[in-house]
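Trainee: Sharing a structure, written as structure tokens. Questions coming.
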Amino acid sequence: MGASEPRWPAYVREEIENWIVACWDGQEPGPTEPSQCGSLEGRFSALDWYANESPPKRYINHEAARKVQAVFERMSQLTRQVIRYEYTCRSQYDVWDSGLEIGPDGQERRVWHRTANIKRDVARRTLGISRVEYDRHVQVFRDAVGRAFA
Numbered sequence: 260m261g262a263s264e265p266r267w268p269a270y271v272r273e274e275i276e277n278w279i280v281a282c283w284d285g286q287e288p289g290p291t292e293p294s295q296c297g298s299l300e301g302r303f304s305a306l307d308w309y310a311n312e313s314p315p316k317r318y319i320n321h322e323a324a325r326k327v328q329a330v331f332e333r334m335s336q337l338t339r340q341v342i343r344y345e346y347t348c349r350s351q352y353d354v355w356d357s358g359l360e361i362g363p364d365g366q367e368r369r370v371w372h373r374t375a376n377i378k379r380d381v382a383r384r385t386l387g388i389s390r391v392e393y394d395r396h397v398q399v400f401r402d403a404v405g406r407a408f409a
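Taking this note's numbering, the leading residue of the sequence shown gets 260, the next gets one more, and so forth.
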């Protein structure tokens, strides 16, 4: 961060993360089909072997999420596209590699490791913007969210 850029407290990131979760979950009182944020990660159903007898309750502050959504809607079209890449579509661009490890039973098993995320490279090429411009759009959004909650 440059010297002239404000550094927002951790709650700014937390409010953005809350907004992302609200986008994935659908609109209140939901769950319904998401109609905001443009997330491709929403509606994920865990496989049975990940099933939990009492899965943790997801707490979403819908009022705060609506405030961030209002900030998002005031942004320029290009900034909204950058924010979709940065926050709501991030796992779509994960790069995975397979390897072997020894499991708890002592047997060798194949595992997958995330080695990189190319979302920013894909976004910059798709949108035709520089790294500096991409970072500026992300910072504009973070600054606006910070001001909305200040």
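Where a beta carbon is used, it is the ideal one built from N, C-alpha and C, also for glycine. Bear in mind the structure is a predicted one, so any value in this text is a computation, not a measurement.
So, at 8 Å on beta carbons, what are the nonlocal neighbours of residue 399 in its own chain, with the 5 sequence-adjacent residues on each side left out?
Mentor: 334 and 338, listed in sequence order.
Trainee: Can you find at least 3 beta carbon pairs, one from the region 340-349 and one from the region 359-372, that sit closer than 8 Å?
Mentor: No, because fewer than three Cβ pairs between the region 340-349 and the region 359-372 fall closer than 8 Å, the two stretches do not touch.
Trainee: Taking all protein chains shown into account, do 16 or more other C-beta atoms lie within 10 angstroms of the C-beta of residue 274, making it buried, or fewer, making it exposed?
Mentor: Buried: at least 16 other Cβ atoms inside 10 Å.
Trainee: Could you check what DSSP says for residue 364 in three-state terms: helix, strand or coil?
Mentor: Three-state result, residue 364: coil.
Trainee: Once the 5 residues before and after residue 370 are set aside, which same chain residues still bring their CB inside 8 Å of it?
Mentor: If we look at residue 370 and ignore the five residues flanking it on each side, its Cβ neighbours are 357, 358, 359 and 360.
Trainee: Can you list the alpha helix (DSSP H) stretches of 4 or more residues lying completely in the region 369-407, in chain order?
Mentor: Segments of the alpha helix (DSSP H) lying fully in the region 369-407: 378-386.
Trainee: Name the two residues that bound the continuous alpha helix (DSSP H) containing residue 345.
Mentor: Counting along the chain, residue 345 falls outside any alpha helix (DSSP H), and DSSP gives it neither H nor E.
Trainee: How would you label residue 353, buried or exposed, when you count the other beta carbons within 10 angstroms and need 16 or more for buried?
Mentor: Residue 353 should be labelled exposed.
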